[in-house]
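Numbering-wise (my numbering), the sequence shown opens with residue 8 and increments by one. Positions of the beta carbon are idealized from the N, C-alpha and C atoms, including for glycine.
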Amino acid sequence: MDFSKLTTIFRFAIIGIIYIIIFLALRIMYKDIKSGGRRRPVKKKSFGLEVIEPGENHHLKEGVIIPVKGELTIGRKNTNNLILEDQFVSGNHARIFLKNTDYMLEDLGSTNGTKLNDKRLDGRAILKIGDEIEIGSALFKVIG
């Protein structure tokens, strides 16, 4: 057997592996330098409503969390994301939506109004963690 040919093949294989390792390390360093130390943006925490008092809504239970992703429409009509079976809730009562980085609550011209922290809401308002929203006989708390 001729071991000199086998030795030469192993040398080239080892040198090839070393070059691959160096290439991968340089590529990782280049990406780090190119990003300038910037970190990727952290995803915003989850946002939702906790049912404090379900009121006349038999399908809601106290303590249930309703997640809000992008937009949540609230009202009596079946086209809403959150349907409330309450006589004091309008067909399209209110909506919660994301504007830039803030969640907003908007009353959609409901007859009996929407309350935010025990005050009647006129138009729109920015929601904060811990805010309480009253729609009809139901009471929700903003969590995040």
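Anticipated Cβ contact below 8 Å, residue i with residue j, distance rounded
{"i": "Lys-148", "j": "Glu-139", "result": "5 Å"}
{"i": "Ile-103", "j": "Glu-69", "result": "Contact doesn't hold; Cβ gap of about 20 Å is too wide."}
{"i": "Asn-124", "j": "Asp-93", "result": "That belief does not hold up - the Cβ atoms of Asn-124 and Asp-93 are roughly 20 Å apart, past 8 Å."}
Through-space distance from residue j to residue i, alpha-carbon basis
{"i": "Ser-11", "j": "Arg-18", "result": "11 Å"}
{"i": "Leu-91", "j": "Ile-81", "result": "7 Å"}
{"i": "Val-96", "j": "Gly-120", "result": "8 Å"}
{"i": "His-66", "j": "Lys-76", "result": "21 Å"}
{"i": "Ile-22", "j": "Leu-33", "result": "16 Å"}
{"i": "Lys-38", "j": "Ile-16", "result": "33 Å"}
{"i": "Lys-126", "j": "Ile-40", "result": "52 Å"}
{"i": "Ile-35", "j": "Ala-20", "result": "23 Å"}
{"i": "Ile-29", "j": "Leu-13", "result": "24 Å"}
Cβ pair residue i, residue j closer than 8 Å
{"i": "Leu-115", "j": "Lys-122", "result": "no"}
{"i": "Gly-62", "j": "Gly-143", "result": "yes"}
{"i": "Gly-151", "j": "Ser-42", "result": "no"}
{"i": "Asn-99", "j": "Asn-87", "result": "yes"}
Nearest neighbour of residue i, chosen from the options [CA to CA]
{"i": "Lys-84", "options": "Ser-117, Gly-70, Gly-137, Leu-33", "result": "Ser-117"}
{"i": "Leu-89", "options": "Gly-77, Ile-73, Arg-131", "result": "Ile-73"}
{"i": "Tyr-110", "options": "Lys-38, Tyr-26, Ile-136", "result": "Ile-136"}
{"i": "Leu-112", "options": "Thr-15, Ala-132, Asn-99", "result": "Ala-132"}
Same chain, Cβ closer than 6 Å to residue i, neighbours up to 5 away in sequence not counted
{"i": "Ile-59", "result": "Leu-146, Lys-148"}
{"i": "Leu-134", "result": "Tyr-110, Leu-112, Val-149"}
{"i": "Leu-105", "result": "Gly-77"}
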